[in-house]
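These protein sequence lines map, in sequence, to chains R and B. Each residue of the first sequence is one higher than the one before, starting from 363 at the first, in our numbering. Each residue of the second sequence is one higher than the one before, starting from 363 at the first, in our numbering. Positions of the beta carbon are idealized from the N, C-alpha and C atoms, including for glycine. Please read the structure below before turning to the comments.
Number of protein chains: 2
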Amino acid sequence: MISSTQKPDSKPTPLNERAQRLLKFLVERYIRDGQPVGSRTLSKDSGLDLSPASIRNVMADLEELGLINSPHTSAGRVPTALGYRFFVDSLLTIKPLAEQEILSLKNQIGPVQDSRSLLASASSMLSEISSMAGIVMLPRRDMVALRQVEFLPLSGNQVLVVLIINEHEVQNRIIQTSRRYSPAELQQAANYLNQSFAGRDLKSVRNRLLGEMKQTRENMDQLMVAAIEMADKAFLPAEQGGDYLMAGQTNLMNYAEMSNIDRLKQLFETFNRKRDVLHLLDQCMHAEGVQIFIGDESGYQALDECSLVTSPYRVDGEVVGVLGVIGPTRMAYDRMIPIVDVTARLLGAALNQVK
Amino acid sequence: MISSTQKPDSKPTPLNERAQRLLKFLVERYIRDGQPVGSRTLSKDSGLDLSPASIRNVMADLEELGLINSPHTSAGRVPTALGYRFFVDSLLTIKPLAEQEILSLKNQIGPVQDSRSLLASASSMLSEISSMAGIVMLPRRDMVALRQVEFLPLSGNQVLVVLIINEHEVQNRIIQTSRRYSPAELQQAANYLNQSFAGRDLKSVRNRLLGEMKQTRENMDQLMVAAIEMADKAFLPAEQGGDYLMAGQTNLMNYAEMSNIDRLKQLFETFNRKRDVLHLLDQCMHAEGVQIFIGDESGYQALDECSLVTSPYRVDGEVVGVLGVIGPTRMAYDRMIPIVDVTARLLGAALNQVK
DNA sequence: TGTTAGCACTCGAAGTGGTCGAGTGCTAAC
DNA sequence: GTTAGCACTCGACCACTTCGAGTGCTAACA
Numbered sequence: 363m364i365s366s367t368q369k370p371d372s373k374p375t376p377l378n379e380r381a382q383r384l385l386k387f388l389v390e391r392y393i394r395d396g397q398p399v400g401s402r403t404l405s406k407d408s409g410l411d412l413s414p415a416s417i418r419n420v421m422a423d424l425e426e427l428g429l430i431n432s433p434h435t436s437a438g439r440v441p442t443a444l445g446y447r448f449f450v451d452s453l454l455t456i457k458p459l460a461e462q463e464i465l466s467l468k469n470q471i472g473p474v475q476d477s478r479s480l481l482a483s484a485s486s487m488l489s490e491i492s493s494m495a496g497i498v499m500l501p502r503r504d505m506v507a508l509r510q511v512e513f514l515p516l517s518g519n520q521v522l523v524v525l526i527i528n529e530h531e532v533q534n535r536i537i538q539t540s541r542r543y544s545p546a547e548l549q550q551a552a553n554y555l556n557q558s559f560a561g562r563d564l565k566s567v568r569n570r571l572l573g574e575m576k577q578t579r580e581n582m583d584q585l586m587v588a589a590i591e592m593a594d595k596a597f598l599p600a601e602q603g604g605d606y607l608m609a610g611q612t613n614l615m616n617y618a619e620m621s622n623i624d625r626l627k628q629l630f631e632t633f634n635r636k637r638d639v640l641h642l643l644d645q646c647m648h649a650e651g652v653q654i655f656i657g658d659e660s661g662y663q664a665l666d667e668c669s670l671v672t673s674p675y676r677v678d679g680e681v682v683g684v685l686g687v688i689g690p691t692r693m694a695y696d697r698m699i700p701i702v703d704v705t706a707r708l709l710g711a712a713l714n715q716v717k
Numbered sequence: 363m364i365s366s367t368q369k370p371d372s373k374p375t376p377l378n379e380r381a382q383r384l385l386k387f388l389v390e391r392y393i394r395d396g397q398p399v400g401s402r403t404l405s406k407d408s409g410l411d412l413s414p415a416s417i418r419n420v421m422a423d424l425e426e427l428g429l430i431n432s433p434h435t436s437a438g439r440v441p442t443a444l445g446y447r448f449f450v451d452s453l454l455t456i457k458p459l460a461e462q463e464i465l466s467l468k469n470q471i472g473p474v475q476d477s478r479s480l481l482a483s484a485s486s487m488l489s490e491i492s493s494m495a496g497i498v499m500l501p502r503r504d505m506v507a508l509r510q511v512e513f514l515p516l517s518g519n520q521v522l523v524v525l526i527i528n529e530h531e532v533q534n535r536i537i538q539t540s541r542r543y544s545p546a547e548l549q550q551a552a553n554y555l556n557q558s559f560a561g562r563d564l565k566s567v568r569n570r571l572l573g574e575m576k577q578t579r580e581n582m583d584q585l586m587v588a589a590i591e592m593a594d595k596a597f598l599p600a601e602q603g604g605d606y607l608m609a610g611q612t613n614l615m616n617y618a619e620m621s622n623i624d625r626l627k628q629l630f631e632t633f634n635r636k637r638d639v640l641h642l643l644d645q646c647m648h649a650e651g652v653q654i655f656i657g658d659e660s661g662y663q664a665l666d667e668c669s670l671v672t673s674p675y676r677v678d679g680e681v682v683g684v685l686g687v688i689g690p691t692r693m694a695y696d697r698m699i700p701i702v703d704v705t706a707r708l709l710g711a712a713l714n715q716v717k
């Protein structure tokens, strides 16, 4: 379910049982309290029955390995990005959601409605439940199935294309044709396309049409020419993979680490410059299940002290988008991972029904 | 050009010339520096040739009137919301924009394109030029002129309505009809509507159809019934006046007064809850020219330390939307007012061309 | 060899007191 | 009506102290 970008298990870790248990407890405690964790706390609460002094020895080792560090002498220790990574990959115990929680998620996503509102409600649900920012990338247009297409003549050589997708979703685009088509011609071309391709996704429609064109170039009739020209232009993939919905950005202001105005500003500016976020989400499209970016693993400066938990969601077994949450690195991964995972499944199922 | 919600001129102000000049200078200086202004500064720089002591007397009067106050003993004075209001209504001298500035604005709005991008670029231009948040309310759908309407049958009794507006803008809605119509019937209804009503705005189309229905209820043919049912549902005004575009919210983080995380959070949450903002903008629709809300005059707690400068913009002489900027109360009103005013005119003109 | 107790040390948080400067209100003199 | 002068207030700033949490290191212990 979780795919990690690095595999610490591939060679035997130099961490013994005890060090791992301590690290696990330290990370969990830091996630809970947000305060650096000292040796005394660990000695008292970790259940390991070791004196603070021994624990300090272990912590010195962990620090040397780059898994934790201290903000200054004589503060406790805090996990580094690497520490979080190790924690998530090897130490984290995920308790699956209770039946009841899943049901509650399901209710929150809401009754079946049009897909756009489903996505919006998934996004704000993620934000609410996590108290962080929820994000849902819209389905790629070229992955969704075509139901119906209509062409309407506009002035000049322009034609308005109306694509009906998943029964209720509608997309428009205006295309420029090489010559003026009569309403009747447009009607015929639409009929042809509807009969031949309803139910297939846009990308494959386009590919197949181009294929046919090559093969039968000689003996095409008027109708085919019109249909192919139209479809060629109309089904071009949307310029930019997709768009995304986001909710709850303001939640991020609640976290102590985020209260630095400058950092916050940088973050919001990243959200506004959708390109970066989209690119990041795009990477997650191809991952199998839940994926986690910790700190600057995302490669974007602005997400430096943030982590991103994502999962692709599917319609008809085909990945069509990605959703997830963005929050401070010290988020409750054990909760977020199943929540994101389940939400992705629920959203997929709901989208399937709309269809 | 500026309409004020209260009219301090209606009864003779108790402020003599000197007090007014001092208040004006104080507000201007505070807007410039963001620091409380003391009696010494006023004495030195106001050009009034008065000693600090005399000035203190005047300031005591102004404070009693509620126009200024001091954050604490022995800080300088700061304008209150009332003070800003008086300043804006009676003291402000607005220098109209230079020809060159107008031209530069015009260029920034950009070449004629589709209306949606025009609005977006107006919004981000306002934000950029003001270093505050720019806001543009989208045109009310029922005010725009209908070019063409098409009906497409969906499954069951559902019909997809495609409205083409201003040549290139397209809007869809799905309506539920009382019975199933054949494609031919739909085609006929659309033809009828297109012939009779192209060029008129949606509201008047709907009104007129309803009128006709009453008059000729007896002798209506099938076609008319279909057309009227369809149009009745299709041209219903959109549920909520419209939507708005906003740019540059993060600019607001730069102002000292706004650096309070809690206040900022409240503000962003207001932006997210579009309803309030829309309601506020809606009020401005009916005003003549530039309108200014200072501090809590807007009636929204969250906009407490913010001011809003707005102006409606017109297409064909008809008000279709509102634009403006949101910033801290101590914004440079003398610059913002002409900028908002001119932008509204330019946007109107640009929209006219698209049409 | 691993564990623990003890000790000196570091560092930030928080509190204290003192000075400085800007600004005020008030009063008396001009 | 205007001004000079004076006592006062208040926040900003600085130096200083105390306190507690936490550390590293070493020596003693099992």
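Do you know how far the Cα of residue j is from the Cα of residue i?
i, j, result
"VAL702/B", "ARG541/R", "43 Å"
"ALA588/B", "GLN645/B", "37 Å"
"LEU640/R", "VAL399/B", "48 Å"
"ALA560/B", "THR539/B", "23 Å"
"LYS369/B", "MET698/R", "Summary for LYS369/B: the model assigns pLDDT 36, below 50, so the residue's position carries little reliability, and this model does not support an answer."
"ASP513/B", "GLU659/R", "The residue you asked about is not Asp; residue 513/B is Phe in the sequence shown. Whole-angstrom Cα-Cα distance: 50 Å."
"CYS668/B", "ILE688/B", "7 Å"
"VAL440/R", "ALA609/R", "29 Å"
"GLN602/B", "LEU500/B", "Low local confidence applies: a pLDDT of 43 at GLN602/B is under 50, so the model's placement there is unreliable, with the coordinate-based value given in what follows. Spanning the two alpha carbons is a distance of roughly 11 Å."
"SER486/B", "SER466/B", "14 Å"
"VAL671/R", "TYR675/B", "44 Å"
"VAL506/R", "VAL389/R", "42 Å"
"LYS565/B", "ALA649/B", "21 Å"
Which residue from the options puts its Cα closest to that of residue i?
i, options, result
"VAL498/B", "ALA415/B, VAL511/B, LEU481/B and ARG509/B", "LEU481/B"
"MET693/B", "ARG380/B, ARG394/B and ILE590/B", "ARG394/B"
"VAL511/B", "ARG535/B, ALA460/B and MET608/B", "ARG535/B"
"GLY438/R", "ARG447/R, SER452/R, LEU427/R and ALA422/R", "ALA422/R"
"GLY679/B", "GLN653/B, GLY689/B, ARG447/B and ARG707/B", "ARG707/B"
"ASP605/B", "ARG637/B, GLY686/B, ALA484/B and LEU508/B", "ARG637/B"
"ILE430/B", "LEU488/B, ASN556/B and ARG447/B", "ARG447/B"
"MET647/B", "ALA593/B, GLN628/B and SER673/B", "SER673/B"
"ARG568/B", "SER436/B, LYS627/B, VAL532/B and MET592/B", "MET592/B"
"GLN533/R", "ARG562/R, LEU508/R and TYR554/R", "LEU508/R"
"LEU516/B", "VAL521/R, LEU516/R, ALA618/R and ILE527/R", "ILE527/R"
"LEU427/R", "ASP411/R, LYS468/R and GLN382/R", "GLN382/R"
From the DSSP output, in three-state form, read off residue i for me.
i, result
"TYR675/R", "strand"
"ALA560/R", "coil"
"GLY651/B", "coil"
"MET499/R", "strand"
"ASN622/R", "coil"
"GLN382/R", "helix"
"ALA706/B", "helix"
"ILE456/R", "coil"
"ASN534/R", "strand"
"ALA437/B", "coil"
"GLY683/B", "strand"
"ARG542/R", "coil"
"ARG692/R", "coil"
"GLU512/B", "strand"
"SER517/B", "coil"
Can the beta-carbon of residue i be found closer than 8 Å to that of residue j?
i, j, result
"ALA443/B", "THR691/B", "yes"
"PRO384/B", "VAL420/B", "Per the sequence shown, the amino acid found at residue 384/B is Leu instead of Pro. Taking 8 Å as the Cβ cut-off, LEU384/B and VAL420/B qualify as a contacting pair."
"ALA484/B", "LEU685/B", "yes"
"ILE537/R", "VAL524/R", "no"
"LEU571/R", "ILE590/R", "yes"
"TYR662/R", "VAL450/R", "no"
"ILE471/B", "ALA712/B", "yes"
"SER479/R", "GLU531/R", "no"
"LEU607/R", "THR632/R", "no"
Hey, which unbroken runs of the alpha helix (DSSP H) at 4 residues or more fall wholly within the segment 390-424 of chain R? 401-407
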